[in-house]
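Below is one structure, written out as structure tokens, with a few remarks after it.
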Amino acid sequence: MNRQQRINLYDSQQRAYNEGTIEQINNQWIFFDEETEEATMLDDFVHQEIEIFRFNRWKKGILNEPGRIHCGKEAIMLRDHDTIRMRKHLIYSLERLLDGVNDDAFFQFVTTLNSLNFSIYDCIYCYNHLSFLSDEHRKDGVNFMVFDNQEQICNVQHHFCYYEKVNDRFEFTLNTGKRLIIEKMIS
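Those letters in the sequence shown? Residues 1 to 187, by the UniProt record's numbering.
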């Protein structure tokens, strides 16, 4: 699995974006989040990548100034009630953890999480013990993650041992009591 395949898996996650509509109120652009119903000044997203829904498809660009998105050489002017979305950011410790596990463990973890109706963007807490062991020859310990998809909670323990063999074990426990364990060993 190369970097592009990992990025594609990130892109296909549910709840990966803050999506909503925009309105111009008192000469200021306001973003209304569809999920949380919160209002935010669009100024807060200047110089960030955003997507606008036009002609039945999402078009990526950079918000260089409120009211204008630059998509390559094209500039798109925003209109009241346009639908836009911005990619959510992962919790830093989870992002570092996902970067640190091998491709097979990464793929198995993410696809198992998705099969339980959770997304990596549902993470509300991550303790990454692995990041504290960067100089160690033998790395072993446990990482803890908590995911909330607004319907259920999932706790994940990632037991790892990286020495002569690479061993990743993920224990998923849902608030309903359902448990699932996956293990990946590479010699």
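Heads up, the beta-carbon is just placed ideally off N, CA and C, and yes, glycines get one too.
How about residue i and residue j: do their beta carbons lie closer than 8 Å?
i, j, result
"valine 166", "methionine 185", "yes"
"isoleucine 120", "valine 110", "yes"
"aspartate 82", "isoleucine 7", "no"
"leucine 116", "phenylalanine 172", "yes"
"phenylalanine 45", "alanine 39", "no"
"glutamate 51", "tryptophan 58", "yes"
"serine 134", "arginine 96", "no"
"leucine 174", "glutamine 152", "yes"
"leucine 98", "phenylalanine 106", "yes"
"phenylalanine 118", "cysteine 154", "yes"
"isoleucine 84", "glycine 20", "yes"
"isoleucine 182", "cysteine 126", "no"
List the DSSP bridge partners of residue i.
i, result
"valine 146", "Tyr125 and Asn155"
"phenylalanine 170", "His158 and Ile182"
"asparagine 18", "Met86"
"lysine 139", "Tyr162"
"isoleucine 25", "Gln28"
"aspartate 33", "Gly20"
"threonine 40", "Phe31"
Exposed or buried, what is residue i when buried is set at 16 or more other beta-carbons lying within 10 Å of its beta-carbon?
i, result
"methionine 86", "buried"
"asparagine 27", "exposed"
"asparagine 64", "exposed"
"glutamine 13", "buried"
"tyrosine 162", "buried"
"aspartate 168", "buried"
"histidine 158", "buried"
"tyrosine 17", "buried"
"phenylalanine 55", "exposed"
"glycine 177", "exposed"
"asparagine 128", "buried"
"asparagine 2", "exposed"
"valine 142", "exposed"
Report, in whole angstroms, the separation of the C-beta atoms of residue i and residue j, which I expect to be a contact under 8 Å.
i, j, result
"aspartate 80", "glutamine 24", "6 Å"
"aspartate 122", "aspartate 103", "With 8 Å as the limit, aspartate 122 and aspartate 103 do not qualify as a contact, their Cβ atoms being about 22 Å apart."
"glycine 67", "methionine 77", "6 Å"
- Message: Extract the residue ranges of the beta strand (DSSP E) inside the segment 45-115, only unbroken runs of 3 or more that lie entirely within it.
- Response: 49-54, 57-65, 68-71, 74-77 and 83-87
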